[in-house]
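Peer 1: Here it is, the structure, as structure tokens.
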Amino acid sequence: MEAVVECVKGTYEKIEKVVDKNGDISFNVDRLLKHRWVSSYGYIPNTLQVDGDELDTYIIGKHLETGLIVDVLPICLVYCVDNGEVDNKLICAARTAGKNLKWTIRRIVRYIGKYKKNSYPVAVTWKESNIRYELAKCKAFYELFKEE
């Protein structure tokens, strides 16, 4: 599976993907955050979520830069609520991930609760079948509602 990196671990910058009328993608700084990113952050392409965005993913790995497309392995899905709406997050590992995955995952789940005032994690699933089901649901939803 592939993920696209938007925000880089250790920085304060919230980067957003921008698609122009020709379909070209660029990345712009949206705002500065109060807390540094505890891991890199991005999205899984072609996975439209309830909030209208692609599936957000925290990417555990080293030397990841904005715009980089990374081969990742899904580890767990964090079911989240953001201002009363579903806003789930996928946690993945890149090939450059270190050995302290459990510790990093705990930090990411805590970070999600700090990132936005009215956002919080509800549950975490570790079953690969559940993650695949969620991704399949996203892709099916995307296919149903994408513009032709």
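Sequential numbering of the sequence shown, starting at 462, is according to the numbering used here.
Virtual Cβ for every residue (Gly too), placed ideally from N, Cα, C.
#1: What is the C-beta distance between K563 and H496, in whole angstroms, given that I count them as a contact (C-beta under 8 Å)?
#2: Using CA coordinates, which residue listed in C468, Y572, V539 is at the minimum distance from V585?
#3: Fully enclosed by the stretch 514-601, which alpha helix (DSSP H) runs are 4 residues long or longer?
#4: From the DSSP output, in three-state form, read off G503 for me.
#5: Based on DSSP bridge pairs, tell me the residues matched to R427.
#6: Do I486 and K475 have their beta-carbon atoms positioned less than 9 Å apart in this structure?
#7: In chain order, what residues of the same chain lie with their CB nearer than 8 Å to the CB of E463, ignoring the 5 residues before and after it?
#8: What does N483 pair with, by DSSP beta-bridge criteria?
#9: Is DSSP giving T508 helix, strand or coil here?
Peer 2: Put simply:
#1: For the purposes of this step, residue 563 is taken as the residue at position 102 of the sequence shown. For the purposes of this step, residue 496 is taken as the residue at position 35 of the sequence shown. Rounded, the Cβ-Cβ distance is 21 Å, inconsistent with contact.
#2: Here residue 585 corresponds to residue number 124 of the sequence shown, with the count starting at 1. Across the set C468, Y572, V539, the C-alpha of V539 shows the shortest separation from the C-alpha of V585.
#3: 562-576
#4: Residue numbering aside, residue 503 sits at position 42 when the sequence shown is read from its first letter. In this structure, G503 counts as strand in the three-state DSSP scheme.
#5: This structure gives no information on residue 427, because the portion of the chain shown stretches from 462 to 609.
#6: What you label residue 475 is simply residue 14 of the sequence shown in a count that begins at 1. What you label residue 486 is simply residue 25 of the sequence shown in a count that begins at 1. Against a cut-off of 9 Å, the Cβ pair of I486 and K475 comes out as no contact.
#7: The residue labelled residue 463 in the question sits at position 2 within the sequence shown. Same-chain partners within the cutoff: I505, P506, I530, V531, D532, V533.
#8: To locate residue 483, count along the sequence shown from 1; it is residue 22. Partner(s): none; N483 has no beta bridge.
#9: Against the sequence shown, residue 508 aligns to sequence position 47. Here T508 sits in strand by DSSP.
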